[in-house]
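Input: a single structure, listed below in structure tokens.
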Amino acid sequence: MQLFPFGHATHPQWRMAAGLVLAQLRAQMTLHGYAPTPTLGLLYITDHYAASAQEILDHLGAELPEVTDWAGTVGVGIASSNVEYFDEPAMALMLCAVPAHQYRVFSGVAPLPGTFRAHTALVHADAATPDVADLIAEMADRTATGYLFGGLASSGADVVQFAIGGNGNLRGQGKAGGVFRGGLSGVAFTDDVQLVSRITQGCQPVAPARSITQADGNLVVELDGEPALDVLLEDLRITLEQPQAAMAALRTTLVGLTQASEDVVNRIGHFGTDVVVRHIIGVDPRRRGVAVASKVDEGMRLAFCRRDVEAARADLVRICTEIREELEPEELPLAAASALVAPDPIAPPSPQTSPIAGAIYVSCAGRGGPHFGGPSAEMQIVRRALGDVPLVGFFAGGEIGRKNLYGYTGVLTVFR
Numbered sequence: 001m002q003l004f005p006f007g008h009a010t011h012p013q014w015r016m017a018a019g020l021v022l023a024q025l026r027a028q029m030t031l032h033g034y035a036p037t038p039t040l041g042l043l044y045i046t047d048h049y050a051a052s053a054q055e056i057l058d059h060l061g062a063e064l065p066e067v068t069d070w071a072g073t074v075g076v077g078i079a080s081s082n083v084e085y086f087d088e089p090a091m092a093l094m095l096c097a098v099p100a101h102q103y104r105v106f107s108g109v110a111p112l113p114g115t116f117r118a119h120t121a122l123v124h125a126d127a128a129t130p131d132v133a134d135l136i137a138e139m140a141d142r143t144a145t146g147y148l149f150g151g152l153a154s155s156g157a158d159v160v161q162f163a164i165g166g167n168g169n170l171r172g173q174g175k176a177g178g179v180f181r182g183g184l185s186g187v188a189f190t191d192d193v194q195l196v197s198r199i200t201q202g203c204q205p206v207a208p209a210r211s212i213t214q215a216d217g218n219l220v221v222e223l224d225g226e227p228a229l230d231v232l233l234e235d236l237r238i239t240l241e242q243p244q245a246a247m248a249a250l251r252t253t254l255v256g257l258t259q260a261s262e263d264v265v266n267r268i269g270h271f272g273t274d275v276v277v278r279h280i281i282g283v284d285p286r287r288r289g290v291a292v293a294s295k296v297d298e299g300m301r302l303a304f305c306r307r308d309v310e311a312a313r314a315d316l317v318r319i320c321t322e323i324r325e326e327l328e329p330e331e332l333p334l335a336a337a338s339a340l341v342a343p344d345p346i347a348p349p350s351p352q353t354s355p356i357a358g359a360i361y362v363s364c365a366g367r368g369g370p371h372f373g374g375p376s377a378e379m380q381i382v383r384r385a386l387g388d389v390p391l392v393g394f395f396a397g398g399e400i401g402r403k404n405l406y407g408y409t410g411v412l413t414v415f416r
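UniProt numbering puts the first residue of the sequence shown at 1, with every later residue one more than the last.
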């Protein structure tokens, strides 16, 4: 698979940003090793451009007639290789050279056909959609692996998704322009498209995992037979008799939840990939309970946790390293080995040195920027660990990995 052309830009006027992006794409499409005629475009815009979403898609479609299929969404921030755009008008676009029979774009008006054998899927969703977590799980069940990757659109303005296939001739698409609101959309891939995906957690457990032995809706009443509020106070070493200190500690504390059959904390003391992190939204002194931002059931496992910057950095490097180890052969060709020991270890990729054609990174909107130490710090970590590969993504209101809807995580997926 050839390298995927990609571009990104910021400008107060979307037409100027689009022009800069198109210039980058066209320059790459003339280079050896880059795909000259890609057909699938993945487009991410910040919410500054949301009101012009249809105009942007129409413009890019007219300028890139060879690209017949489009998918993407809006975020309060977007990402590309080595850069993050927050609170500024920006767009990022990657053109994927995947044969047309190996993927299908889907949306609410053009659902995935039952005849298409989906192996995995990139999913974008609207958080305001009723039962969105259940819809994500249902979509996962429609794939052979049960593996989804993507996230919830995030926006301070209009919440939009891009999804259009075959120049509007996809069955069910009708005359839809390709910009949607609500529901799910994305791209499903067959098993011919080789993907490697990892999830990185941004929180660190502060106490052992316990079983929920009594629950009422989203209220955890008992943990291991003890009042949940008492367990929380003991784990955090705080008391309600000092309310200011207690509230300060509670604001930075979250909960990691799993089903009874799954481990909350892995063998090295970090959250496993099956853990979903949720806010503590209140306490009930009368019932000695702890309310969390999710329905909980008896038998589930729970661990109190905090957002930990160092742990998040280390775990992000870990998943990048795992991906590289999985993709790189034990014996490298001479050209690849020479590139790895070159003075500039982050040299531009080539088909001879990079096993990655392109990458998609979806991170929590609460993780970007300051959480990692400064502007674009998260993407700089990815670039140093993964290499200078084509990459686009966005900062989401919730991250999708496998069949789960996460928070405070990053989902990194690469095309071989």
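Glycine included, C-beta positions come from ideal geometry on N, C-alpha and C. Being a predicted model, the structure only gives us computed values, none of them experimental.
Taking the Cβ atoms as the reference, Thr239 lies roughly 7 Å from Ala246, within the contact range of under 8 Å.
In this structure, Val123 sits away from Gly165, with a CB-CB distance that is not shorter than 8 Å. Straight through space, the alpha carbons of Phe415 and Asp235 are spaced by roughly 42 Å. Counted as a single uninterrupted DSSP element, the stretch harbouring Gly19 is not any beta strand (DSSP E) but the alpha helix (DSSP H) occupying residues Trp14 to Met29. For Ala133, the secondary structure class from DSSP, reduced to helix, strand or coil, is helix. The C-beta separation of Gly397 from Ala153 comes to about 7 Å, placing the pair in contact by the 8 Å criterion. Ala97 is positioned such that its CB atom lies closer than 8 Å to that of Phe4. Remark: C-beta atoms of Thr190 and Arg117 approach each other more closely than 8 Å. For Phe271, the CB contacts under 6 Å within the same chain, skipping 5 residues up- and downstream, are Gln201 and Gly256 in chain order.
For Asp69, the secondary structure class from DSSP, reduced to helix, strand or coil, is strand.
Scanning the segment 229-273 from its first residue to its last, the whole beta strand (DSSP E) runs of 3-plus residues come out as 253-258. In the three-state reduction of the DSSP assignment, Ala140 falls in the helix class.
Going by C-alpha positions, Leu60 is about 30 Å away from Leu135. Here the alpha carbon of Asp58 sits roughly 18 Å from the alpha carbon of Gly186. At a Cβ-Cβ threshold of 8 Å, Val21 and Ala50 do not count as neighbours. DSSP places Thr321 in the uninterrupted alpha helix (DSSP H) bounded by Val309 to Leu327. The continuous stretches of beta strand (DSSP E) do not include Leu60, which lies in the alpha helix (DSSP H) extending over residues Ala53 to Glu63. Within the same chain, Cβ atoms closer than 7 Å to the Cβ of Val83 are found at His8, Ser376 and Met379, the five residues on either side in sequence being excluded.
Here Arg198 really is in contact with Ile319; their C-beta atoms are around 4 Å apart, less than 8 Å. Ala27 sits exposed, since fewer than 16 C-beta atoms from the chains shown fall within 10 Å of its C-beta. Here the alpha carbon of Val76 sits roughly 21 Å from the alpha carbon of Ala133. For Glu378, the enclosing alpha helix (DSSP H) begins and ends at Ala377 to Leu386.
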